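Q: Chain order of the listed sequences is A and G. The opening position of the first sequence corresponds to residue 1 in the working numbering, with each subsequent residue numbered one higher. The opening position of the second sequence corresponds to residue 1001 in the working numbering, with each subsequent residue numbered one higher. Glycine included, C-beta positions come from ideal geometry on N, C-alpha and C. Model, not experiment: these values are computed from the prediction. Below you will find the structure I want to go over with you.
2 protein chains.
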Amino acid sequence: MKYCSECGSETEKRIPEGDNRERDCCKGCDLIHYTNPKIIVGTIPVKDESILLCKRAIEPRYGKWTLPGGFLENGETVSQGAFRETLEETNTEVEMGELYAIFNVPQINQVYMLYLAKVIKDDFSATTESLEVEFFNEANIPWEELAFPFVPIALKNVFADMKKNEFPLTTHTIERRK
Amino acid sequence: MKYCSECGSETEKRIPEGDNRERDCCKGCDLIHYTNPKIIVGTIPVKDESILLCKRAIEPRYGKWTLPGGFLENGETVSQGAFRETLEETNTEVEMGELYAIFNVPQINQVYMLYLAKVIKDDFSATTESLEVEFFNEANIPWEELAFPFVPIALKNVFADMKKNEFPLTTHTIERRK
């Protein structure tokens, strides 16, 4: 941040009175601009023993496979956001289940919240965000072609949990290579 | 938002190409400024059958009682943020437990994530953010003096769960009066 979004004056980084962190503060109107982590919501769309994955049609990781998900939008609940992102990336309306995994990615100020979901229709298809949308079982997951570090962790967990038919919430922290 | 935080030009609200929501877009450098929900992290600090509450020393709801919590900061995991907020508001380092409740408050673009925590030291005290810090059991909770709608919901749930000694994660959506 270089300029105040409210008055257009220059901003500076300093610790405001009563605070203990550096913030972007306006030199003109004194407004403090806080930035905080963002929530990424998504699903693990399941049918029988298979999971619906999307081949990314957008950067980053164009052409790699991922679980449907994206930024939670203002005005949404986390579950609504996960449902919407799944619809936008797979064209199918899933039946939402329980929160299954939380991934902290503190180096990029993101928190992922992944829900279990059931694929209940056969209308899934490619979208503007996904080149292909396809079911994979444990044996044919493209392990070397997954988009983000959280994807193989979530997939391995869910295939293991399917065998036990128990799906406890787990929390993970991903440290990215510097 | 009135001005671009990167170049200082005026911004306008419009739907960017390929998007389906109105965003603040810069008329000068074309940058799109996204705003997304924020995460509030907190704890339910328990000792025996009692819960540690804080009397707010800051607005909003100055003088009302609440559970310790606040905005997740960049670079933190949700659990780290909940621990830090509890320390800042009660002066005690709790032993963090499991995620216990999620509260969506979509009208103000907030998601609360509340963790169970054990109070393991007797060093809790008032802070710059809390006028008083005090244990309450179910019988003497100041039900009429609680700060926010999520507080009585979380407290009633946890006192009920204590009797069963089972603490399943629950998710709630709070619709605020318009």
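How far does the alpha helix (DSSP H) with V1078(G) in it reach, from first residue to last?
A: The residue labelled residue 1078(G) in the question sits at position 78 within the second sequence. Residues V1078 to T1090.
Q: Are the C-beta of G75(A) and some C-beta of chain G separated by less than 8 Å?
A: For the purposes of this step, residue 75(A) is taken as residue 75 along the first sequence, with counting starting at 1. Judged by the 8 Å Cβ criterion, G75(A) is in contact with chain G.
Q: Are the C-beta of Y112(A) and some C-beta of chain G separated by less than 8 Å?
A: Here the question's residue 112(A) lines up with position 112 in the first sequence. So no, Y112(A) is outside the interface.
Q: According to the Cβ coordinates, are A147(A) and T43(A) closer than 8 Å?
A: In the first sequence, the residue the question calls residue 147(A) occupies position 147. In the first sequence, the residue the question calls residue 43(A) occupies position 43. No; because the gap between Cβ atoms is not below 8 Å, this pair is not in contact.
Q: Hey, is the stretch 1028-1040 of chain G in contact with the stretch 1096-1114 of chain G, meaning 3+ C-beta pairs nearer than 8 Å?
A: Flag = yes, the stretch 1028-1040 of chain G and the stretch 1096-1114 of chain G touch.
Q: Have a look at L1072(G), S1009(G) and L1155(G) and flag the residue whose alpha-carbon is nearest the alpha-carbon of F1136(G).
A: As a first step, residue 1136(G) must be located in the second sequence, where it is residue number 136. It is L1155(G) whose Cα lies nearest to the Cα of F1136(G).
Q: Would you mind giving the Cβ-Cβ distance between E138(A) and F159(A), rounded to the nearest angstrom? I have them listed as a contact below 8 Å.
A: Sequence index remark: in the first sequence, residue 138(A) carries index 138 (1-based). Sequence index remark: in the first sequence, residue 159(A) carries index 159 (1-based). Going by Cβ atoms, the distance from E138(A) to F159(A) rounds to 4 Å, so yes, they are a contact pair.
Q: Alpha carbon to alpha carbon, how far is Y1115(G) from M1096(G)? Give it in angstroms, no decimals.
A: In the second sequence, counting from the first residue as 1, residue 1096(G) sits at position 96. In the second sequence, counting from the first residue as 1, residue 1115(G) sits at position 115. Those two C-alpha atoms are separated by around 7 Å.
Q: Give the interface partners of F150(A) over in chain G, defined as CB-CB distance under 7 Å, in chain order.
A: By 1-based counting over the first sequence, the position of residue 150(A) is 150. Within 7 Å Cβ-Cβ: nothing; F150(A) doesn't reach chain G, min ~14 Å.
Q: Along the chain, where does the beta strand (DSSP E) that runs through D1024(G) open and close?
A: For the purposes of this step, residue 1024(G) is taken as the residue at position 24 of the second sequence. First-last of the beta strand (DSSP E) with D1024(G): R1023 to C1026.
Q: Compare the C-alpha of P1016(G) against each of R1084(G), C1026(G) and E1010(G) and name the closest.
A: Your numbering for residue 1016(G) matches position 16 in the second sequence. The residue with the shortest Cα to Cα distance from P1016(G) is C1026(G).
Q: Please confirm whether E1093(G) has its beta-carbon closer than 8 Å to some beta-carbon of chain A.
A: The count along the second sequence starts at 1 and reaches residue 1093(G) at position 93. So, not an interface residue.
Q: Taking 8 Å as the threshold (C-beta atoms), are L1031(G) and E1006(G) in contact?
A: Residue mapping note: residue 1006(G) aligns to position 6 of the second sequence, counting from 1. Residue mapping note: residue 1031(G) aligns to position 31 of the second sequence, counting from 1. Cβ distance < 8 Å, so E1006(G) and L1031(G) count as in contact.
Q: Run through the stretch 14-59 of chain A for me and flag every whole beta strand (DSSP E) of 3 or more residues, listed as ranges in chain order.
A: The stretch 14-59 of chain A contains these whole beta strand (DSSP E) runs: 23-26, 38-47 and 50-56.
Q: Which residue marks the beginning of the alpha helix (DSSP H) containing K118(A), and which one marks its end?
A: Taking the first residue of the first sequence as position 1, residue 118(A) is located at position 118. It is not in any alpha helix (DSSP H) - K118(A) instead sits in the beta strand (DSSP E) that spans Q110 to K118.
Q: Starting from M1(A), trace the beta strand (DSSP E) both ways and give me its first and last residue.
A: Residue 1(A) sits at position 1 when you count from the first residue of the first sequence. Unbroken run through M1(A): none, as it is neither H nor E.
Q: With 16 as the cutoff for other CB atoms within 10 Å, does P68(A) come out buried or exposed?
A: Taking the first residue of the first sequence as position 1, residue 68(A) is located at position 68. With 16 or more Cβ atoms within 10 Å of its Cβ, P68(A) is classed as buried.
Q: Mark D123(A) as exposed unless 16 or more other C-beta atoms lie within 10 angstroms of its C-beta, in which case mark it buried.
A: Within the first sequence, residue 123(A) is the residue found at index 123, counting from 1. Flag for D123(A) reads exposed.
Q: Do you know whose CA, among C29(A), I174(A) and V133(A), lies nearest P152(A)'s CA?
A: Against the first sequence, residue 152(A) aligns to sequence position 152. The shortest C-alpha separation from P152(A) is found at I174(A).
Q: What's the gap between the Cα of N1020(G) and the Cα of V1105(G)?
A: For the purposes of this step, residue 1020(G) is taken as the residue at position 20 of the second sequence. For the purposes of this step, residue 1105(G) is taken as the residue at position 105 of the second sequence. One C-alpha to the other measures close to 22 Å.
Q: Are the C-beta of S1130(G) and some C-beta of chain A separated by less than 8 Å?
A: For this step, residue 1130(G) is matched to residue 130 along the second sequence. Closer than 8 Å: no.
Q: Using DSSP with H/G/I as helix, E/B as strand and the rest coil, what is E144(A)?
A: Your numbering for residue 144(A) matches position 144 in the first sequence. Note: E144(A) maps to helix in three-state DSSP.
Q: Going along chain A, which residues have a C-beta under 7 Å from G1035(G)?
A: As a working mapping, residue 1035(G) is identified with position 35 in the second sequence. According to the sequence as given, residue 1035(G) is Thr; it is not Gly. Within chain A, the residues near T1035(G) are N74.
Q: Is the stretch 1059-1074 of chain G touching the stretch 78-96 of chain A in the sense that three or more CB pairs, one from each, lie closer than 8 Å?
A: No contact exists between the stretch 78-96 of chain A and the stretch 1059-1074 of chain G.
Q: Does C4(A) come within less than 8 Å of chain G when only Cβ atoms are used?
A: Numbered from 1 along the first sequence, position 4 holds the residue referred to as residue 4(A). Answer yes: the Cβ-Cβ gap between C4(A) and chain G drops below 8 Å somewhere.
Q: List the residues of chain G whose Cβ lies closer than 7 Å to the Cβ of T173(A), in chain order.
A: Counting from one through the first sequence, the residue named residue 173(A) turns up at place 173. The answer, in chain order, is T1077.
Q: Please confirm if P106(A) has its CB atom under 8 Å from at least one CB of chain G.
A: As a working mapping, residue 106(A) is identified with position 106 in the first sequence. Closer than 8 Å to some Cβ of chain G, the Cβ of P106(A) qualifies, so yes.
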